[in-house]
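Structure first, then comments.
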Amino acid sequence: MKKSKVQFIKFAVSGLLLGLTTMGIATQAQAAKVSPESKVKTTVKVNEMMRVKTSSTTATSKITAAFWNYPYGSNKAAKKTHWVKNYANKTLIATKQATLKNGLKYYYVKVASKPSVQGWVYTKWLRQMSMVSLGDSITKGWTGVDYATTPYPKQVGETLGMTSTNLGENNGKVVGSSSLDLTYNIDNHNFDKDDVATISYGVNDYFHDLSLMSVQSTLDQELTELQAQYPNLQIFGLLPLNCYVADATTGEYVSAATTMYKDHAYTLNDLRDMEAEVYKAHNIKVLDWRDYEGTIIPTDDARMTVFGDQRLHPTQATYTEMSGYISDFLQNNIK
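Numbered per mature numbering (1 follows the signal peptide of the UniProt record, and there is no 0), the sequence shown spans residues -31 to -1, 1 to 304.
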C-alpha cells in the first residue's frame, strides 16, 4: 500500500516536471521566434554620450527596459544581459545604431564607468546628453581678429557626442553682475536639461580685479548655489590658459603666469591656484592648462603663432588643440 502510494507520487511529480519543462521550452521557443520584420536592416557607427530617459512621472524602479545581446526579436539567441534601471544615473556611450525592418531602432551602448556592462537598448529609453559652457571670449571663440568657426565647446560636443550650448561672452568675469559674467549666467540659465557644465573664467578678473579674495568668494558662492539647485549637474572647472602682458617697465610682453598686472598684487598663477582650490573644495574636477602649456605654448616666442592677437586669444588651430585636451579630460571624468 505504501509502496504504490510512493510510486504514484513519484509518477505525479515526474509528470509535473515534464509538463513544466515542456511548457518552459515552448515559451522560450516562442519568445525566440524571429519575425521577418524584426530582423536588422542596417547598422551604422555612432558616437554619442547618452543617458536613460527619466521623468518626474516615471520612477527609475518602473523602467522595464533591458540591455540585450542582440536587438530584441532580431535573433533567436537574443537575451537580456542587464536591466537599464540599474544604470539610470550613469553615462552610456553609444557606438552603434541598428534599424530593424519594422523601423524600430536600437543603440549599442556601454556604461562609461563600467564598460563590461554593454548591449543593445531600445532608443525610446535613451536621450543624448547636453553640455553647457560658461566663460569669457575664449569660450566664445574670439581669436583676436575674428570668431573661430568652431570654438572649443562646439568641437568638444561633436567629439564626445553631446549637444552643446555656448554661453561664453567677451569680457566675462567671475566678479561682476552684468550679463557677461558668471553670476548672471548661473542666475538666469536653466540647467535642468544640461548634464555637463564647464566653467572657464578668470583671465579678465586678472586684468580688472584688484582683490583676489573677491574672485575667490564669488566663485565659491556661485558654485554653492549651482550645486544646491542642480545636484545632478556634472560641473568641471577649466582654469585660464596663460597669456602675455606688457611689462610695466620695459614694455616687453612677458608671461602673465608670473607677472603682477599693473598694481594688482597677484599673478595669473596665483589666480589659477586659488580657483583650483575653490573647485577642489566643491569636489569639482579641474583641467589645469599648466599641465599642457609646454606643448601648446612651448616657448614665449610661440605666442606669435599660438594667439591670433599674439598675446591672449587662441587661433582656430590652437582652439582645435585645446579641444582635444578638454575632450580627453571630460571623457575620463564624466560619470
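Beta carbons: idealized from backbone N, C-alpha and C, even for Gly.
Q: Count the other C-beta atoms from every protein chain shown that fall within 10 angstroms of the C-beta of ALA1, then say buried if there are 16 or more, exposed otherwise.
A: With a pLDDT of 45 at ALA1, under the threshold of 50, the predicted position of this residue should be treated as unreliable, though the coordinate-derived value follows. In this structure ALA1 is exposed. Its beta-carbon is surrounded by fewer than 16 other beta-carbon atoms within 10 angstroms.
Q.
Please identify the residue among TRP52, GLU17 and ASN201 whose C-alpha is closest to the C-alpha of ALA34.
A. When only C-alpha atoms are compared, the closest one is TRP52.
Q. Secondary structure at HIS177, three-state DSSP: helix, strand or coil?
A. Note: HIS177 maps to helix in three-state DSSP.
Q: Check the DSSP bridge columns for ARG241 and list the partner residues they point to.
A: In DSSP, ARG241 forms no bridge with anything.
Q) Thinking C-beta only, is GLN196 closer than 8 Å to ILE303? A) The answer is no: Cβ separation not under 8 Å.
Q: Specify the secondary structure class of ARG280 as computed by DSSP and reduced to three states.
A: In this structure, ARG280 counts as coil in the three-state DSSP scheme.
Q: May I ask you to report which of helix, strand or coil DSSP gives ALA217?
A: DSSP places ALA217 in coil when its eight states are reduced to three.
Q.
With distance defined between alpha-carbon atoms, name the residue in VAL165, SER148 and ASP163 nearest to ASN157.
A. For the residues VAL165, SER148 and ASP163, the minimum Cα distance to ASN157 belongs to SER148.
Q) Leaving out five residues before and five after ASN301 in sequence, what residues of the same chain have Cβ atoms less than 8 Å from its Cβ? A) Excluding sequence neighbours, ASN301 sits near nothing in its chain.
Q: Give me the Cβ distance between TYR288 and GLY110, rounded to the nearest whole Å; I'm assuming they're in contact under 8 Å.
A: At roughly 7 Å, the Cβ-Cβ gap stays under 8 Å, so TYR288 and GLY110 are in contact.
**Q.** Where TYR121 falls: helix, strand or coil (DSSP)
**A.** TYR121 falls in the helix class under three-state DSSP.
Q: Just tell me which of ASP257, VAL275 and MET131 has its CA closest to the CA of THR112.
A: It is VAL275.
**Q.** Boundaries (first-last residue) of the alpha helix (DSSP H) holding TYR288
**A.** DSSP places TYR288 in the uninterrupted alpha helix (DSSP H) bounded by 285 to 302.
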